[in-house]
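Each residue of the sequence shown is one higher than the one before, starting from 1228 at the first, in the working numbering. Think of the CB as a built atom: it goes at the ideal place given N, C-alpha and C, for glycine as much as any other residue. See below for the structure under consideration.
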Amino acid sequence: METRANHFLIGLFTLLGLAAGTGLLIWFANVQVSREFAYYDILFKNTAGLSRAGDVRYNGVLVGQVADIAIDTRDPGKVRVRVEVDAETPVNEDTIATLELQGVTGVSFVSLQGGGPASAPLEPGPGERYAEIPSKDSAFQDVLTAVPELLSRAIELLDEVRGIVNDDNKARIASILKNVDEATADLTVTLQEVRTLTGELGVVVGDVRGFTGNLGELTDAAGQTIRTADATLDSARAAIERANAAIATVDRLVEGEVTALVADLRGAVRQADTVFADASGAIATVSGRVETLSATAEETLATATETFAAANRTLAGIDRLLAGTDGVVEQAEAAFATVNRVLDGDIAPLAGDVRKSVATANGAIERTAALLERELPAITREVRSAVGRANGFVGELEGLVIDNRAPLNDFIQSGLPQFVRFVQEARQLVLNLERVTARIEADPARFLLGTQTPEYRPE
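So this is what it looks like as structure tokens:
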């Protein structure tokens, strides 16, 4: 029986299937018929992991693929890679090409970076068909270049390790492990000694604190002694200053008052001399006039009758002269009285005051001298003794610090923190050992033989 078929429909569906398949292939291959491309050449030292149709990325964006890979004819030490990128890709004069690794598959791709907005587009050189993008080694290429050297060094290191790990060294390592095991066995004794050392260290710290307290008390006592000595010296200075002031007062009194007194005495003596001279002149005048009167009297006796009237006038003149002489005598007596009054009334009290002042000054000076003579040696001895004790104490303290400066600094900076850390680690080790001991005591067979005690099951 002949089968009927519509060949037209069959052919139509076949053609539609072929067209759909072709469209899918084109879509999967990402083929763009109307797309325009630009080609550039790049020179690399090594293109390991790069193949044709490899990706070309511009700042991480896929812009093309590798069109060709060949050895450069001008420099066989380099590889010329021709890339096909989108014509709109901004490849400029400062664009740099590097070879980067994509993921962990070992596949490489060409990475284009750089190119500012003000840069000029990259153009082919004279006689060149395609423009050449400058390249530089990437970190991936540096690693690839350094891998052989690293491998050779690793091989050398392994050879050296094999040389070190020989039978003799193995025996030494076994001996070291044995010694460590023995040292671990004695760890309990060591920890006990550490505890003892910790207690002794606490005692030493207590002694150091006590010494610090005594040191503070000694320092306070030395400071009090020095302050007492300063106060004593200040008192001595004040006494000396008062004595100097008294002596200066006496000097001023002697230089001022006595000098003035002597000047007054000299003035009074000069006045007395003047009075005496005046009195002597008056007496001499009276004597001369008496002699003249005697001569006149003799002449008058000779001619008494003739000159009686003249004699009367002469007698009257004599009376006036005698009256003047009495005035002169009274003035002389007044001058002598003044001199006597000055000598009796002013000089004596003044001299007494001077004697009292001098006596007072002498007494003050003597008392000051006696006080200084009595107290100053003792004060000086006490001050010297206190200063000597302070100097000795400071010297001993300085010597102690200087002699132990390096050990103290080392102990405080490194020894003490290490010791504290050692104590902490020792405590942790003791706790671990206690836990291990507890486990051993709980189930020795399981811990030592790796077996578990069978559970008892009654039949």
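Below 8 Å between beta carbons: does that hold for residue i and residue j?
| i | j | result |
| --- | --- | --- |
| D1268 | R1301 | no |
| R1279 | I1296 | yes |
| A1347 | N1319 | yes |
| V1283 | V1312 | yes |
| F1264 | A1314 | yes |
| V1647 | T1425 | no |
| G1342 | P1361 | no |
| V1337 | L1349 | no |
| Y1285 | L1339 | yes |
Per DSSP, residue i forms a beta bridge with which residues?
| i | result |
| --- | --- |
| I1382 | Answer is none; I1382 lacks a bridge partner. |
| L1270 | R1307 |
| R1284 | L1289, S1338 |
| A1669 | Paired residue(s): none; A1669 is not in a bridge. |
| A1324 | L1339, S1362 |
| V1312 | A1265, G1291 |
| P1348 | N1319 |
| I1296 | V1308 |
| Q1329 | V1334 |
Residue i to residue j, Cα distance in whole Å?
| i | j | result |
| --- | --- | --- |
| S1365 | N1273 | 11 Å |
| R1436 | E1420 | 24 Å |
| L1378 | V1370 | 12 Å |
| L1662 | E1668 | In the sequence under discussion, the amino acid at residue 1662 is Arg, which differs from the Leu named in the question. Cα-Cα distance, rounded: 10 Å. |
| L1245 | L1252 | 11 Å |
| G1248 | G1330 | 32 Å |
| T1455 | S1612 | 12 Å |
| A1633 | E1625 | 14 Å |
| A1401 | T1411 | 15 Å |
| P1303 | Y1266 | 22 Å |
| E1444 | G1619 | 16 Å |
| I1403 | K1397 | 10 Å |
Exposed or buried, which one is residue i when buried takes at least 16 other CB atoms within 10 Å?
| i | result |
| --- | --- |
| L1277 | buried |
| T1322 | buried |
| F1255 | exposed |
| G1291 | buried |
| L1658 | exposed |
| L1239 | exposed |
| R1271 | Here residue 1271 turns out to be Phe, not Arg, going by the sequence shown. The residue is buried, with at least 16 neighbouring Cβ atoms inside 10 Å. |
| G1281 | buried |
| V1293 | buried |
DSSP on residue i, reduced to helix/strand/coil?
| i | result |
| --- | --- |
| L1570 | At L1570 the pLDDT is 46, less than 50, meaning the model places this residue with poor confidence; the figure from the coordinates comes in the next sentence. L1570: helix per DSSP, three-state reduction. |
| V1318 | coil |
| V1392 | coil |
| T1519 | With a pLDDT of 45 at T1519, under the threshold of 50, the predicted position of this residue should be treated as unreliable, though the coordinate-derived value follows. Helix at T1519. |
| V1513 | With a pLDDT of only 37 at V1513, under the threshold of 50, the placement of this residue in the model should not be trusted; the figure read from the coordinates follows. It is helical. |
| P1375 | helix |
| N1631 | coil |
Measuring from the CB of residue i, is there a heavy atom of the ligand SAH at a distance below 7 Å?
| i | result |
| --- | --- |
| E1263 | Looking for the ligand SAH in the displayed structure turns up nothing, as the structure carries no ligands at all. |
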